[in-house]
Amino acid sequence: MTGPPPYRLPSPMPSSFSDDGGPVSELVRFFRHGKVAVLTGAGCSTESGIPDYRGPTTGRMPRQPIQHAAFLRNALVRRRYWARSFWGWPKFAAARPNAAHAALATLERRGWLSGLITQNVDGLHHQAGSHRVVELHGALSRVVCLSCQSEMARSDLQVELAALNADLAGEAELAPDGDAEVSASWLERFQSPVCGCGGDLMPAVVFFGGHVPPSVLSEAWGVLEQAEALLVVGSSLAVFSGYRFVKRAAEQGKPVAILNRGETRGDALAALRIEGSAGPVLSALARRLDRA
Numbered sequence: 001m002t003g004p005p006p007y008r009l010p011s012p013m014p015s016s017f018s019d020d021g022g023p024v025s026e027l028v029r030f031f032r033h034g035k036v037a038v039l040t041g042a043g044c045s046t047e048s049g050i051p052d053y054r055g056p057t058t059g060r061m062p063r064q065p066i067q068h069a070a071f072l073r074n075a076l077v078r079r080r081y082w083a084r085s086f087w088g089w090p091k092f093a094a095a096r097p098n099a100a101h102a103a104l105a106t107l108e109r110r111g112w113l114s115g116l117i118t119q120n121v122d123g124l125h126h127q128a129g130s131h132r133v134v135e136l137h138g139a140l141s142r143v144v145c146l147s148c149q150s151e152m153a154r155s156d157l158q159v160e161l162a163a164l165n166a167d168l169a170g171e172a173e174l175a176p177d178g179d180a181e182v183s184a185s186w187l188e189r190f191q192s193p194v195c196g197c198g199g200d201l202m203p204a205v206v207f208f209g210g211h212v213p214p215s216v217l218s219e220a221w222g223v224l225e226q227a228e229a230l231l232v233v234g235s236s237l238a239v240f241s242g243y244r245f246v247k248r249a250a251e252q253g254k255p256v257a258i259l260n261r262g263e264t265r266g267d268a269l270a271a272l273r274i275e276g277s278a279g280p281v282l283s284a285l286a287r288r289l290d291r292a
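Note that the working numbering gives residue 2 to position 2 of the sequence shown, counting from 1, and the numbers run on in steps of one.
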């Protein structure tokens, strides 16, 4: 199933959007379909200082994200993850919701949304005040033991990591999902954390190649089922875990709108396509709908 040609704005993009005309008016008309389900990706959080994997803020060299199966079976992969996370976590945890998160929380509060489905693991939608949020890939704020399944706060683990590696010093550059770039020599000396039971620890997230838990997926499908339309914000939809919702919406005849910087896998299925940053567009949308 295909929709009308995507709506694209001319370049260069303005830093803010007028409340009248252009893409905001298009989105206002889109919201007249009824309740809207929203799917968000990394592009929704880049304005909070969290890098993405594939967008315009991505570094020159493509990144190889952690693979779920490799983390489970390979101790060296786990050590690499925790060493880099040790440096990346403080900056990641310090990120705060941006205008896009605030606008989506406002839209939910005013009854425009059926809920939010997010591919992000930063928890910023909750911080902004959104209530019905389905975290497809989990949350970095929690850590789980692979042996006894007990959980702990990632902030508490940071204290333990600092004590284990008190003799190490250095700096690192923040990368997507709380990762960071560290030197090989630093990595060799890093001591990985373990649970009190002696088991290996893992962030409570679904890494690339992993499977979204059935209960979480069922909740996400519920958000879409209770909506008359789907809005995608800040996702390239390259990963099937997000693209499947666009595909399902199109199959059900529900219109799809995509707000993103750059092309997406779902463009051919979109009735409305807006090239832009999430914060300015969604803020203007919330103001317009508030006056409606």
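We treat Cβ as the ideally placed atom computed from N, Cα and C, and that holds for glycine. Computed from a prediction, not measured in an experiment: that's the story for all the values here.
Confirm, please, whether the CB-CB distance from residue j to residue i is below 8 Å.
i    : j    : result
V205 : V281 : no
G115 : V223 : yes
A249 : V239 : no
L140 : F92  : yes
C195 : S150 : yes
L113 : V216 : no
L285 : V24  : yes
L187 : A105 : no
Out of the options, state which residue places its alpha-carbon closest to the alpha-carbon of residue i.
i    : options                   : result
V233 : A128, W89, Q158 and I258  : I258
T40  : V24, R84 and E135         : E135
H101 : L168, R261, F208 and H126 : H126
S293 : L272, A70, S241 and R261  : Look at the range of the chain in this structure, 1 to 292, and you will see that residue 293 is not part of it.
G279 : N165, L113 and G43        : G43
L107 : I66, V36 and R154         : V36
A271 : I50, V246, R154 and A286  : V246
G253 : S277, R273 and A227       : A227
R109 : H131, P90 and R84         : H131
V159 : P90, E225, R32 and R273   : P90
Suppose the cutoff is 6 Å on Cβ atoms and the five residues either side in sequence are ignored; what does the same chain contact list for residue i look like?
i    : result
D290 : none
V28  : R288
S241 : L136 and V212
P65  : F208
Q191 : L164 and N165
H68  : F207, G209 and G210
Please work out which residues of its chain come closer than 7 Å, Cβ to Cβ, to residue i, disregarding the five sequence neighbours upstream and downstream, and give them in chain order.
i    : result
S48  : A95, R96, P97, N98 and L124
A199 : Going by the sequence as given, residue 199 is Gly instead of Ala. So the qualifying residues of the chain are C145, L146, S147 and C148.
Y243 : L237, R265 and G266
F71  : V77, R78, Y81, M202 and F207
S11  : Residue placement at S11 is flagged as unreliable, the pLDDT there being 30, under the threshold of 50; the coordinate-derived value follows with that caveat. Within the same chain, S11 has no close Cβ partners at all.
H33  : E228, A229 and P255
Where does residue i land, buried or exposed, given buried means 16+ other C-beta within 10 angstroms?
i    : result
L76  : exposed
S283 : buried
P62  : Only weak support is given to the placement of P62: the predicted model assigns it a pLDDT of 48, under 50, and the question is left unresolved by the model.
G111 : exposed
Q119 : buried
A229 : buried
H211 : exposed
G178 : Unreliable placement is indicated for G178, whose pLDDT of 49 sits below 50; the coordinate value is still reported in the next sentence. It is buried - the Cβ of G178 has at least 16 other Cβ atoms within 10 Å.
D167 : exposed
E275 : buried
P51  : buried
R273 : buried
A103 : buried
What would DSSP say about residue i, mapped onto helix, strand or coil?
i    : result
R261 : coil
A270 : coil
G115 : strand
G138 : strand
P203 : strand
F92  : helix
C145 : strand
L168 : coil
F71  : helix
L104 : helix
F208 : strand
V281 : helix
Sorted by chain position, which residues of the same chain lie with C-beta nearer than 8 Å to residue i's C-beta, five sequence neighbours on each side aside?
i    : result
L157 : V143, P193 and L201
E219 : V134
A153 : S141, R142 and V143
P214 : none
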